[in-house]
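Everything on this sheet refers to the single structure shown next.
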Amino acid sequence: MNNIKIALVIDEKDNVATLLEGSKAGEKVQLKGLTCEKSIICNQDIPSGHKIAIKNIKLGESVIKYGEIIGRATKEIKIGDYVHIHNIDSIRGKMEVQ
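Residue numbers (our numbering): 1 to 98.
Below, the structure written as C-alpha coordinates:
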(Lines of atoms letter the chains of each structure in order from A; the text may use other names.)
(Lines give C-alpha, C1' and ligand atoms only; values in the text may rest on other atoms or scores of the structure.)
Protein backbone atom coordinates (compact mmCIF):
# COMPACT_ATOMS: atom_id res chain seq x y z
CA MET A 1 0.00 0.00 0.00
CA ASN A 2 1.35 3.42 -0.98
CA ASN A 3 0.28 5.57 1.97
CA ILE A 4 1.63 9.13 1.61
CA LYS A 5 1.76 11.11 4.86
CA ILE A 6 1.39 14.90 5.12
CA ALA A 7 3.67 17.30 7.02
CA LEU A 8 2.93 20.99 7.51
CA VAL A 9 5.50 23.69 6.65
CA ILE A 10 4.52 27.19 7.83
CA ASP A 11 7.46 29.46 6.99
CA GLU A 12 10.11 29.47 4.25
CA LYS A 13 12.81 29.59 6.98
CA ASP A 14 11.59 26.31 8.52
CA ASN A 15 14.00 23.38 8.47
CA VAL A 16 11.49 21.05 10.14
CA ALA A 17 7.85 20.25 9.42
CA THR A 18 5.10 18.86 11.65
CA LEU A 19 3.63 15.47 10.71
CA LEU A 20 -0.17 15.48 10.70
CA GLU A 21 -0.16 11.70 11.29
CA GLY A 22 2.51 9.22 12.27
CA SER A 23 4.93 7.97 9.61
CA LYS A 24 7.06 4.83 9.36
CA ALA A 25 10.63 4.64 8.10
CA GLY A 26 10.65 4.47 4.30
CA GLU A 27 7.26 6.14 3.84
CA LYS A 28 6.85 9.14 1.56
CA VAL A 29 5.97 12.40 3.32
CA GLN A 30 4.36 15.18 1.29
CA LEU A 31 5.33 18.65 2.55
CA LYS A 32 2.45 21.11 2.39
CA GLY A 33 2.44 24.82 3.08
CA LEU A 34 2.43 28.28 1.62
CA THR A 35 6.09 28.11 0.62
CA CYS A 36 6.66 24.39 0.11
CA GLU A 37 5.29 21.63 -2.11
CA LYS A 38 7.62 18.62 -2.34
CA SER A 39 8.03 15.16 -0.86
CA ILE A 40 10.73 13.47 1.19
CA ILE A 41 11.29 9.97 2.59
CA CYS A 42 10.95 9.40 6.33
CA ASN A 43 14.15 7.88 7.80
CA GLN A 44 12.75 6.70 11.15
CA ASP A 45 9.32 6.03 12.63
CA ILE A 46 7.89 9.41 13.72
CA PRO A 47 4.72 9.87 15.81
CA SER A 48 1.87 12.16 14.80
CA GLY A 49 2.46 15.81 15.71
CA HIS A 50 6.23 15.40 15.85
CA LYS A 51 8.90 17.01 13.67
CA ILE A 52 10.63 15.75 10.53
CA ALA A 53 13.72 17.45 9.08
CA ILE A 54 13.06 19.01 5.67
CA LYS A 55 16.62 20.32 5.25
CA ASN A 56 19.99 19.02 6.42
CA ILE A 57 20.83 20.60 9.79
CA LYS A 58 24.45 20.74 10.95
CA LEU A 59 25.64 20.28 14.52
CA GLY A 60 24.98 23.54 16.41
CA GLU A 61 22.67 25.02 13.79
CA SER A 62 19.28 26.46 14.70
CA VAL A 63 16.22 24.25 14.39
CA ILE A 64 13.40 26.39 12.97
CA LYS A 65 9.68 25.58 13.20
CA TYR A 66 6.86 27.98 12.25
CA GLY A 67 9.54 30.58 11.43
CA GLU A 68 10.94 30.59 14.99
CA ILE A 69 14.11 29.09 16.44
CA ILE A 70 13.06 26.29 18.78
CA GLY A 71 16.47 24.81 19.54
CA ARG A 72 19.96 23.86 18.39
CA ALA A 73 21.03 20.61 16.77
CA THR A 74 23.12 18.45 19.12
CA LYS A 75 24.17 16.23 16.20
CA GLU A 76 23.96 16.19 12.41
CA ILE A 77 20.35 15.84 11.23
CA LYS A 78 19.56 14.66 7.70
CA ILE A 79 16.50 15.35 5.57
CA GLY A 80 13.80 12.87 6.66
CA ASP A 81 15.16 12.38 10.19
CA TYR A 82 13.02 12.47 13.32
CA VAL A 83 13.75 15.76 15.14
CA HIS A 84 13.17 15.55 18.89
CA ILE A 85 14.97 15.69 22.25
CA HIS A 86 17.51 13.06 21.15
CA ASN A 87 19.04 15.42 18.56
CA ILE A 88 18.12 18.98 19.59
CA ASP A 89 18.60 21.12 22.67
CA SER A 90 15.39 23.09 23.13
CA ILE A 91 15.59 26.79 23.89
CA ARG A 92 12.11 26.82 25.41
CA GLY A 93 12.39 28.28 28.89
CA LYS A 94 16.01 29.33 28.28
CA MET A 95 15.45 32.70 26.62
CA GLU A 96 16.51 35.84 28.47
CA VAL A 97 13.74 37.98 29.86
CA GLN A 98 14.32 41.63 29.02
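A virtual CB, placed ideally from N, CA and C, is assigned to each residue, including glycine.
*In chain order, what residues of the same chain lie with their CB nearer than 7 Å to the CB of I10, ignoring the 5 residues before and after it?*
Excluding sequence neighbours, I10 sits near G33, Y66 and G67.
*Name the residue from A17, I41 and G80 whose alpha carbon lies nearest to the alpha carbon of I69.*
Looking at the Cα atoms, A17 is the closest of the given residues.
*Kindly list the residues whose CB is nearer than 6 Å to the CB of E61, restricted to its own chain and excluding five residues on each side of it in sequence; keep chain order.*
For E61, where only same-chain residues beyond five positions count, the Cβ hits under 6 Å are A73.
*When we look at the beta-carbon of N15 and count the other beta-carbons within 10 Å, is it buried (16 or more) or exposed?*
Around the CB of N15, 16 or more other CB atoms lie within 10 Å, so the residue is classed as buried.
*Measure the Cβ-Cβ separation of I88 and K13 and say whether it is below 8 Å.*
No, the Cβ-Cβ distance between I88 and K13 is not below 8 Å.
*State the Cα-Cα distance for the pair G49 and N56, rounded to the nearest angstrom.*
Spanning the two alpha carbons is a distance of roughly 20 Å.
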